[in-house]
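These notes concern the structure reproduced below.
Residue numbers (our numbering): 1 to 324.
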């Protein structure tokens, strides 16, 4: 970027070395902006070039500024302000503060999974719970939709449980800090349930799935979906959605989510379909949530959403007949 410091830009779009010693640029000039990012300075330069106003780049503090002939200063400012009005900054996703609730909720959820597993195994009802609450494709398609949720709390053995406890603590916490603990856990639950539902549609019969891993990959997809929306929104504001930077803005989060799916969820002993569908549901829900509810960060709504997720989980187990 430093090449531009000593160049003059003419209205014809050609860039020439600036003849400082010859006074090629008018001695009287006007500075437009201070500490602009390169993207801002370049965008404003395009605006000036489009209306045939000569300009030059100058280093300004930690960023850039533009200089135009003093006689053209007012017109240049008018054109730049018009550009700003027509291209408002991208709406940022308003992230909640990293509250204590957001920071520890992932660990609390992992401990809840552990407690549930220990309770069922010690009382000798573990196998029965799997039969009653596992994501049986055939039973789900016959109307037992609650299984898509209850299956997320069941695990085959300690190794299966430990891996999901670690993953849900990490990705759940990251999502909580991004969109709030209430929204995060409700969406993780819905993404996991959606993944189990799509997996049932795929297998139709003779398939039983258990484990929180579908919800884990739902969380991975949710993180990607929120980031994709943010990147697309930013690219749209610069009218660069289908340019290289714009494509990268949504393609990188998508690639990261699918990369995590490939690394963590494609082992031969895992239910790849459930993981894939959980991630897909997460991507969709994350994008939709970021588009519609990005400002929902207050403590009150977050608490209500958390209670809704707990009510959904309890209601599904009540429907099985375990909770009274």
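For every residue, glycine included, the Cβ atom is placed at its ideal position computed from N, Cα and C.
The structure displayed is predicted, hence computed values, not measured ones.
Could you tell me the boundaries of the alpha helix (DSSP H) in which residue i lies?
i, result
"residue 64", "Where residue 64 is concerned, there is no enclosing alpha helix (DSSP H), although the beta strand (DSSP E) it sits in stretches over 63–69."
"residue 181", "181–203"
"residue 47", "38–50"
Name the DSSP beta bridge partners of residue i, please?
i, result
"residue 29", "69"
"residue 208", "136"
To the nearest angstrom, report how far apart residue i and residue j are at their CA atoms.
i, j, result
"residue 114", "residue 147", "19 Å"
"residue 207", "residue 193", "16 Å"
"residue 42", "residue 58", "12 Å"
"residue 60", "residue 83", "22 Å"
"residue 168", "residue 220", "10 Å"
"residue 201", "residue 134", "15 Å"
"residue 182", "residue 189", "11 Å"
"residue 276", "residue 86", "40 Å"
"residue 308", "residue 149", "13 Å"
"residue 39", "residue 46", "11 Å"
"residue 111", "residue 117", "10 Å"
"residue 132", "residue 204", "18 Å"
"residue 187", "residue 35", "40 Å"
"residue 119", "residue 283", "33 Å"
"residue 30", "residue 76", "10 Å"
"residue 217", "residue 66", "47 Å"
"residue 128", "residue 198", "24 Å"
"residue 105", "residue 141", "33 Å"
"residue 155", "residue 320", "17 Å"
"residue 304", "residue 214", "24 Å"
"residue 74", "residue 50", "16 Å"
"residue 279", "residue 122", "33 Å"
Determine the extent of the beta strand (DSSP E) in which residue i is found, giving its start and end residues.
i, result
"residue 60", "55–60"
Exposed or buried, residue i, counting other C-beta atoms within 10 Å across all chains shown (16 or more means buried)?
i, result
"residue 136", "buried"
"residue 177", "buried"
"residue 78", "exposed"
"residue 159", "exposed"
"residue 164", "buried"
"residue 271", "buried"
"residue 37", "exposed"
"residue 151", "buried"
"residue 302", "buried"
"residue 224", "buried"
"residue 196", "buried"
"residue 317", "buried"
"residue 334", "Residue 334 lies beyond the range of the chain shown here (1 to 324); nothing can be said about it."
"residue 300", "exposed"
"residue 54", "buried"
"residue 56", "buried"
"residue 144", "buried"
"residue 310", "exposed"
"residue 70", "exposed"
"residue 52", "exposed"
"residue 290", "buried"
Is any non-hydrogen atom of the ligand NAD found closer than 6 Å to the C-beta of residue i, if you look at the structure I gave you?
i, result
"residue 125", "The ligand NAD is absent from the structure shown, which contains no ligands of any kind."
Indicate whether at least one CB of chain D lies closer than 7 Å to the CB of residue i.
i, result
"residue 44", "The structure shown contains no chain D; it holds only a single protein chain."
Taking only runs that begin and end inside the region 268–324, name each unbroken beta strand (DSSP E) of 3 or more residues, in chain order. Within the region 268–324, no complete beta strand (DSSP E) run reaches 3 residues.
key: Contained alpha helix (DSSP H) runs [length at least 4] in the region 114–172, N- to C-terminal order   = Listed in chain order, they are 126–133, 137–141 and 147–150.
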